[in-house]
Structures are given as C-alpha cells and as structure tokens.
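Visitor: Handing you a structure now.
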Amino acid sequence: MEAAIFAIAVGLAALLYQPAPDKVVLLPGPDGAVGRVIVTTPKGEQEISHAYETAAVQQNGRVETGSASAESVAERYGALLQARPARPASYLLYFVSGSDELTPESQTALAALKQDVATRPVPEILVIGHTDRVGAAEANEALSLQRAQMVADLLRQLGVQPKSLDVTGRGERDPLVPSADGVDEPRNRRVEVSVR
Amino acid sequence: MRIRPGSWARTCLCGLALLLCQQALADIAGIGTIKTITGEVQVQRGAATLTPVPGFELQEQDVVRTGAASTVGIVMRDKTILSAGASSELRLDKFNFDNKTQTGAMQTTLRKGRLSAISGAIVKHSPEAVQFKTSTMTLGVRGTEFIIETEGGGS
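Line by line, the protein sequences are chains U and H. Start counting the first sequence at 894; every next residue gets the next number (the working numbering). Start counting the second sequence at 100; every next residue gets the next number (the working numbering).
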C-alpha cells in the first residue's frame, strides 16, 4: 500500500515538474552598445534589442520577452561572466619611413601591449606587418615581414611568452589609409599586433 | 650492408604518410582555445573523455562539460568569446572560419546549464551563418553579447 502511494506520488511529481523555461538575456557591450538576438521556436519568433531585455520559451512554445537588470544579472550570473576570457585586443606600432625602426611614440603602445599580454592566460599573438606605397611592391613585401619579425623579436626580448606567435607581412596591399602609389603615408607604415 | 629491394619505396611511402598526417593535423588544428578553467572541466571528443588545461585546442563536435561550482572560458578562432557556468554542457556542433575573408559558420548547442557569449568576426561578416541552440529554441545573433540558460528538459 505504502509502495503504491509512493509510486503515485513520484508519478505525480514527475507530471507536475516543469523545468524552468529556456531563457536569453541580452547584455550591453563595454561601450554600452547593444546588438540584437532573434529567438526562434517552432511556435514563434521574438527579437530582443535592449540592454538586459530577456526572452523565454513558454510551455506553449511561444517566446515571451521581459526585462532583467544589471544587478540581477550580476547576482545570478556573476561566476559565468567572471569566466569570460579577456576580449581580444589589437595594437598598432608605427615605423620610420623605409626602415624597421619604431617611431618614438610607439614605445608607449609597445609597453601597453606587453602589459596586456602578461595579464592573459595562454596568450595567442598574431603580428602583421604593413608598409606605405613608397618603393617597389616586392621590396615592401620584404620590408613588411621584416617589421613584423622585428616586433616579434622585440616581444620575445621583453619576456613575452605566448602560446603561439604567428608572423606575417602584407606589404603595401592592406593600407589603413588608401593612397596613390609612391605616397609617404606614416599611418600605413605599421605593424598590427592582435592579442587574444 | 645490402639494401633490401623496396626499402626506398617504403621510406618514401612512410615520408608521404607522415606528410599527409601533418597536413591532416594542420587541417583539424583548433577551432578555439580554452583560456580559463575553474573546478572540473571535461571535453568529450568522440569516445574519448579528455581533461583540458588552459591552452587546450578545441575541435568541431567537441562537447565541453563543467562540474558543480566550475566554469570554463573559451576564445574561438573568429574571436567569439564563450564561457560556461556550473553543471553545463556545451556542444561545438559546427565551426569554420576563413581568416582572410573573416567569414565562416558556427553552430553551438547548450544542452544544459549557462552560457555567455560575445559574438566575433563571423557574426560581423555573415550573421546569418551563426546559430546558438538549446533543445527548445534557436538564436540568431546580430553583433552582441548575451547569456543563455537552460535546464535541458526540452518539451
């Protein structure tokens, strides 16, 4: 008899148990910008586009929107958000015309780069060299790689120990500021260092 | 010493096989890297259960599981950032990315638990090619960050 009651109770509990609905919370970016998420189920579709707006799948399969707050998100999802790796960052280092010598101002960026890499667990670094359009395209291919290589060596000398350090040169093919051939454009004489 | 006939051919074949192997390894080189781990994290790859450390390279179809009071943080090759909370299960269904064109495709399923995501280059350049799923819903993403939570019950 007791066993039967127990079985019925378990059955009832299973019937009554409703899992919490699947839910999405939209977050603002570090600059406050908010994108959009479109939630689709077989029964409907909803778009959310405001900071801390939520969408939840109801029992009937429809999607219902609502709102949370910065505080409630921090409380409920603090550990989850804490686990997010640092956002990838990108640094630009500039060069004296025709050389692989860094401009004095770029020393500051280099110091910031070094510090950033040091804070990341297992950093992965991509170094891409560029030139302006002074000189022959082939010579610029070589110069861009030479600049990138120089920065990679400099990072190693500074004691940076990344998981990976990839070095490429793109010559004058990928200008930051498009220019006519032969133009001395300091903003294009650069090495871009992407860190993640 | 006499060189047996065929040994050169064998050496060549071995060399070729090794080359092909390396090529294959290069092709399946990680789709993303585990950066942070707290507590217990496992990666199910086919029949194998692996215990990752930071720096672990993930592959398509890997299932990432976290234990109680555990978290994992991942950076995908297109700079998508993912983290999973405690008692979560995340499957990296599909991922491809062309670094040159910055386009590709990505599908990720949260089977249970909590996932936070910051969209990367694929969403920026081909947003319709990115999907996040649970058993009851599919998310399309337009340049943003968000959290998904599911008990994985479905209905």
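All C-beta atoms, glycine included, are put in the ideal place defined by N, C-alpha and C. Bear in mind the structure is a predicted one, so any value in this text is a computation, not a measurement.
Distance cutoff 8 Å, beta carbons only. Does ASP915 (chain U) sit that close to anything in chain H?
Guide: Yes, ASP915 (chain U) counts as interfacial toward chain H.
Visitor: Okay, do the stretch 180-187 of chain H and the stretch 149-156 of chain H touch, 3+ Cβ pairs below 8 Å being the bar?
Guide: No, the stretch 180-187 of chain H is not in contact with the stretch 149-156 of chain H.
Visitor: In this structure, what does DSSP give as the bridge partners for VAL1060 (chain U)?
Guide: VAL1060 (chain U) is bridged to U:VAL1020.
Visitor: What runs of the alpha helix (DSSP H), each 4 residues or longer, lie entirely inside the stretch 202-237 of chain H?
Guide: Correct list: 220-224.
Visitor: According to the Cβ coordinates, are ALA1041 (chain U) and VAL1070 (chain U) closer than 8 Å?
Guide: Result no, Cβ atoms of ALA1041 (chain U) and VAL1070 (chain U) do not sit closer than 8 Å.
Visitor: How is the alpha helix (DSSP H) around GLN952 (chain U) delimited, first residue to last?
Guide: That residue, GLN952 (chain U), is in no alpha helix (DSSP H); it is neither H nor E in DSSP.
Visitor: Exposed or buried, ALA146 (chain H), counting other C-beta atoms within 10 Å across all chains shown (16 or more means buried)?
Guide: Flag for ALA146 (chain H) reads exposed.
Visitor: So, is HIS943 (chain U) buried or exposed, given that buried needs 16 or more other C-beta atoms within 10 angstroms?
Guide: Result: exposed.
Visitor: What residues in its chain sit with their C-beta under 6 Å from that of ILE246 (chain H), if we drop five residues either side in the sequence?
Guide: Cβ within range, chain order: SER215.
Visitor: Indicate whether at least one CB of chain U lies closer than 8 Å to the CB of LEU238 (chain H).
Guide: True, the Cβ-Cβ gap to chain U drops below 8 Å.
Visitor: In terms of residue numbering, what span does the beta strand (DSSP E) encompassing ALA147 (chain H) cover?
Guide: Element bounds for ALA147 (chain H): 147-149.
Visitor: Rounded to a whole number of angstroms, what is the C-alpha to C-alpha distance between PRO1055 (chain U) and ALA963 (chain U)?
Guide: Answer to the nearest angstrom: the Cα atoms are 35 Å apart.
Visitor: Output, in sequence order along the chain, the residues in the stretch 917-934 of chain U whose CB is closer than 7 Å to any CB in chain H.
Guide: Against chain H - using a Cβ distance shorter than 7 Å - the residues of the stretch 917-934 of chain U are VAL917, VAL918, LEU919, LEU920, GLY922, VAL927, GLY928, ARG929, VAL930, ILE931, VAL932, THR933, THR934.
Visitor: If I follow the unbroken beta strand (DSSP E) through GLN141 (chain H), where does it start and stop?
Guide: First-last of the beta strand (DSSP E) with GLN141 (chain H): 140-144.
Visitor: Could you name the residues of the same chain whose beta carbon sits closer than 7 Å to that of GLU946 (chain U), not counting the 5 residues immediately before and after it, in chain order?
Guide: Within the same chain, GLU946 (chain U) has close Cβ partners LEU919, THR958, SER960.
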